[in-house]
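The next block holds one structure in the form of structure tokens; read it before the comments.
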Amino acid sequence: MACIVACLDENDLLDDGLTFRHVTRLEKGRYPEANISFFSISCLHCGDAPCVMVCPSGAIYKRDEDGIVDINQDLCVGCHSCALACPFGAPQFPEGGKMAKCHFCVNRVKHNMEPACVRVCPTNALGFGPMKDLATQKAEKASISILESISVHSGSVKE
Amino acid sequence: MKPSKLLIIGNGGAAVHAIEAARSVGHPGEIHLVSNTVGPAFNPMLSPYYLAGQIPYDRCFPFGKNFYEDHEVKCHSGSPVVALDPINKEVRLEKGKKLTYDRCLIATGASPVLPEIQGLKDSPHVMTLRTAEDTIRLHHLLSSVKTAVVLGASLVGIKMAEILIKRDIRVTLLDIADQVLPDAAHPECGSILEEYIADKNVDLRLSQTLEGAEDDEKSVRLHFRGEQPLTTDLCLVSIGVRSDMDFINNSDIETDKGILIDDKMRTSADDIYAAGDVSQGINLLSGKKEIIGLWGNACYQGRTAGFNMAGREVTYPGTMPQHISSFFGLTFARLGDIHPHGEQVRVISNRDLSEGSYCLLAYDRGRLVGVNMLNSYKNAGRLKTAIIRKADWSKYLSSFQNTLTDQEIGMILATLLPQ
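So the sequences go chain by chain: A and B. Here the working numbering runs 647 ahead of the position in the first sequence, where the first position is 1. Here the working numbering runs 381 ahead of the position in the second sequence, where the first position is 1.
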């Protein structure tokens, strides 16, 4: 869960349950074939983002230059429509009632740094970059890491 | 071949998204927009925020006034369509002008309903809240009225009660039903809300049947069956809306409560589309065509219509009833069918707000069909996905206690909904 901690730190979020990134433990199969894997997820910056469509005030928008889905909090009225529209549970409502969510560490990325969660991920499961690069390089590496971690778990169950 | 001429009737979220979609795929033809209003598209969802002093008035028009010029739209404002002739592909405006089209979108929306009760319609002290004009009128009234009656404990009604109370106006909130939010809240959730709202100085009265209204000079006297009459400076009616489609002939276009549309937003008439609150498309939950009057739904429908009218085939499968709204510091959410019937219906909830949030899950044959939530939103979108996918919760239902935490529900959802 290093990614969550890095995200909390980067965004000055209090550790009160409100996070931009969530890690879910997935249990699959039954003994002796059981395995556990972890899934780290935040805003997916959807291609056709439902939160952008349903936002009544035009506060949520998709950036032309890089596809990041960002929010202009000055325009947000706190209606929570995005929370209902997002299938991933990304929108959060901290004190003040305006929506906040993963913004892809837009300031770090602008200065050629990785997003905070990507930087700290010890297994390189998290990556970032253009889709086609991810598909060929980083995703491959990440998949191997995930597969290795899964096989370690199922191996230990078998013993 | 000459590019087709598009005509958009109405000027709300559906209309704007239709225009945006058509231009985004390079539609070269003329786009005409006809509206009974003047000025840019207004979002009625935002008027409560303006009335509560949270946003300036111009922010109730989220697309701005340059949208039409930017998208090369010819606007015919302030004159509603009074007749639509699908054979000759022509509309007639109130002021007499006629316009032809190759493809037409009906996106006229809906208007608030006033009950057919003597004296109500003509009273200057009775109003509804929907349009920009209504919003301005109410804004001015807020500084002069001392007492108000809100007729209809709907989401709009409760929100209005909150705004009025904050302006130190004495509020009586009434409904003909025996609970608040009769459509959107399960009775158990309704009773929690009633207690909460009554605690905020709202005089809440349920099971009230209005029988008549009489004007005084400065107030209106409302008569209820078996009750003392109520005299009030202002009566706000919020009992629902009705599709604006008086200008179409039912023999030309198939209608029910709204205009019936398919998954490309096509009506039964050639080259006529409909989108937004005037239309009646698929409810994913029931499989039937129903009016689902939501801003987001209107925008999706409008966009779909715009693409198809510009020749790009796109479908929109539909949506399901859903609401989220905040009032009196509480966030209320409703998803799907909150009143399921049948022998295999099971309702699970944590019964009260004592833990800070409330969640009610309604199941039919092990499938989640409806949700009510108070002060809990984190699982809302994923619960909606679970309803749409008809995920089977059976193996979790047997172990459920009546203590559902967001975290527990989140963990089950993670297993039910492989990403």
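For every residue, glycine included, the Cβ atom is placed at its ideal position computed from N, Cα and C.
Checklist entry - Alpha carbon to alpha carbon, how far is proline 703/A from asparagine 682/A? => result Cα atoms of proline 703/A and asparagine 682/A: separation of roughly 43 Å, rounded to the nearest angstrom.
Checklist entry - Name the DSSP beta bridge partners of glutamate 674/A, please? => result Answer is Ile683/A, bridged to glutamate 674/A.
Checklist entry - Measuring CA to CA, which of Gly774/A, Ile688/A, Ala732/A, Gly714/A is closest to methionine 760/A? => result The candidate whose alpha carbon is nearest that of methionine 760/A is Gly774/A.
Checklist entry - How about the segment 644-657 of chain B and the segment 446-459 of chain B: do they share at least three Cβ pairs that are nearer than 8 Å? => result These segments do not touch.
Checklist entry - Whose C-alpha, out of Val618/B, Ile620/B, Thr636/B, is nearest the C-alpha of methionine 626/B? => result When only C-alpha atoms are compared, the closest one is Thr636/B.
Checklist entry - In chain order, what residues of the same chain lie with their CB nearer than 7 Å to the CB of serine 706/B, ignoring the 5 residues before and after it? => result Counting only Cβ-Cβ distances below 7 Å, and skipping sequence neighbours, we find Leu536, Lys540, Phe713.
Next on the checklist: Less than 8 Å between the beta carbons of leucine 734/B and isoleucine 578/B, yes or no?
Outcome noted: Not closer than 8 Å, so no.
Checklist entry - Taking Cβ positions only, does phenylalanine 735/A come closer than 8 Å to chain B? => result Closer than 8 Å: yes.
Item to check | Simplified DSSP assignment, three categories, for glutamate 789/B | outcome: Three-state DSSP puts glutamate 789/B in a helix.
Next on the checklist: In the DSSP output, what is lysine 700/B paired with across the bridge?
Outcome noted: Note on identity: in this sequence residue 700/B is threonine, with lysine being the wrong assignment. Answer is Asn664/B.
Checklist entry - In terms of residues, what are the limits of the alpha helix (DSSP H) holding phenylalanine 605/B? => result The continuous stretches of alpha helix (DSSP H) do not include phenylalanine 605/B, which lies in the beta strand (DSSP E) extending over residues 601-605.
Next on the checklist: I'd like to know if glutamine 800/B contacts chain A, where contact means its C-beta is closer than 8 Å to some C-beta of that chain.
Outcome noted: Residue placement at glutamine 800/B is poorly supported in this model, since its pLDDT is 48, which falls under 50; the coordinates are not used for a value here.
Next on the checklist: Beta carbons nearer than 7 Å to chain A: which residues of the segment 753-776 of chain B have them?
Outcome noted: Taking 7 Å as the Cβ-Cβ cut-off against chain A, the residues of the segment 753-776 of chain B that qualify are Tyr758, Lys759, Asn760, Ala761, Gly762, Arg763, Lys765, Thr766.
Checklist entry - Can you list, in chain order, the residues of the segment 422-443 of chain B whose Cβ is nearer than 8 Å to any Cβ on chain A? => result Taking 8 Å as the Cβ-Cβ cut-off against chain A, the residues of the segment 422-443 of chain B that qualify are Asn424, Met426, Leu427, Tyr430, Gln435, Ile436, Arg440, Pro443.
Item to check | Terminal residues of the alpha helix (DSSP H) in which tyrosine 681/B lies | outcome: Per DSSP, tyrosine 681/B is one residue of the alpha helix (DSSP H) stretching across 676-690.
Checklist entry - Hey, is the segment 775-782 of chain A in contact with the segment 785-797 of chain B, meaning 3+ C-beta pairs nearer than 8 Å? => result With a cut-off of 8 Å, the segment 785-797 of chain B and the segment 775-782 of chain A do not count as touching, because too few Cβ pairs lie within range.
Checklist entry - So, are the CB atoms of glycine 687/B and alanine 403/B less than 8 Å apart? => result In this structure, alanine 403/B lies closer than 8 Å to glycine 687/B by Cβ.
Checklist entry - Where does alanine 714/B fall in DSSP's three states? => result If DSSP states are grouped into helix, strand and coil, alanine 714/B belongs with the strands.
Next on the checklist: Considering only their Cβ atoms, is the gap separating serine 460/B from lysine 478/B smaller than 8 Å?
Outcome noted: Yes; because the gap between Cβ atoms is below 8 Å, this pair is in contact.
Checklist entry - With burial defined as no fewer than 16 other Cβ atoms inside 10 Å of the residue's Cβ, what is the status of glutamate 543/B: buried or exposed? => result Classification of glutamate 543/B: buried, given that the 10 Å Cβ count is 16 or more.
Checklist entry - Taking Cβ positions, are valine 552/B and alanine 529/B nearer each other than 8 Å? => result It is a contact, given that the beta carbons lie within the stated cut-off.
Checklist entry - Run through DSSP, which three-state label would glycine 751/B get? => result Reduced to three states, the DSSP call for glycine 751/B is strand.
Next on the checklist: Runs of 3 residues minimum, wholly inside the segment 384-456 of chain B: which ones carry the beta strand (DSSP E) assignment?
Outcome noted: DSSP runs (the beta strand (DSSP E)) wholly in the segment 384-456 of chain B: 387-390, 412-415.
Checklist entry - Any Cβ of chain B within less than 8 Å of the Cβ of alanine 730/A? => result Yes, its Cβ sits closer than 8 Å to a Cβ of chain B.
Next on the checklist: Less than 8 Å between the beta carbons of tyrosine 482/B and leucine 414/B, yes or no?
Outcome noted: Not in contact: tyrosine 482/B and leucine 414/B (Cβ atoms no closer than 8 Å).
Next on the checklist: On a Cα-Cα basis, can you pick out the residue from Ala747/A, Asn754/A, Val765/A that is closest to serine 687/A?
Outcome noted: Nearest to serine 687/A by C-alpha distance, out of Ala747/A, Asn754/A, Val765/A, is Val765/A.
Checklist entry - Closest by CA to leucine 673/A, which one among Pro738/A, Phe685/A, Gly664/A? => result Proximity to leucine 673/A across Pro738/A, Phe685/A, Gly664/A peaks at Phe685/A, based on C-alpha coordinates.
Next on the checklist: Need the endpoints of the beta strand (DSSP E) that arginine 473/B sits in, please.
Outcome noted: Where arginine 473/B is concerned, the enclosing beta strand (DSSP E) stretches over 471-474.
Checklist entry - At a CB-CB cut-off below 9 Å, which residues of chain A make contact with tyrosine 681/B? => result In chain order: Pro697, Met700, Val701.
Next on the checklist: With three or more C-beta pairs closer than 8 Å as the rule, is the segment 510-519 of chain B touching the segment 593-611 of chain B?
Outcome noted: Not touching, per the Cβ criterion.
Checklist entry - If the cut is a Cβ gap below 7 Å, which residues of chain A does alanine 714/B touch? => result What alanine 714/B touches in chain A: Leu731.
Checklist entry - Are the C-beta atoms of serine 689/A and some chain D residue less than 8 Å apart? => result In the structure shown, chain D does not exist; the protein chains are A and B.
Next on the checklist: Going by DSSP in three states, isoleucine 651/A sits in which element: helix, strand or coil?
Outcome noted: If DSSP states are grouped into helix, strand and coil, isoleucine 651/A belongs with the helices.
Checklist entry - Using a C-beta to C-beta distance shorter than 8 Å, which residues of chain B count as neighbours of serine 684/A? => result Listed along chain B is no residue with a C-beta nearer than 8 Å to that of serine 684/A; the closest approach is about 11 Å.
Checklist entry - Under 8 Å between the Cβ atoms of proline 721/B and glycine 751/B? => result Cβ atoms of proline 721/B and glycine 751/B: closer than 8 Å.
Checklist entry - chain B beta carbons: is any one of them nearer than 8 Å to that of leucine 660/A? => result Leucine 660/A is outside the set of residues whose beta carbon lies under 8 Å from a beta carbon in chain B.
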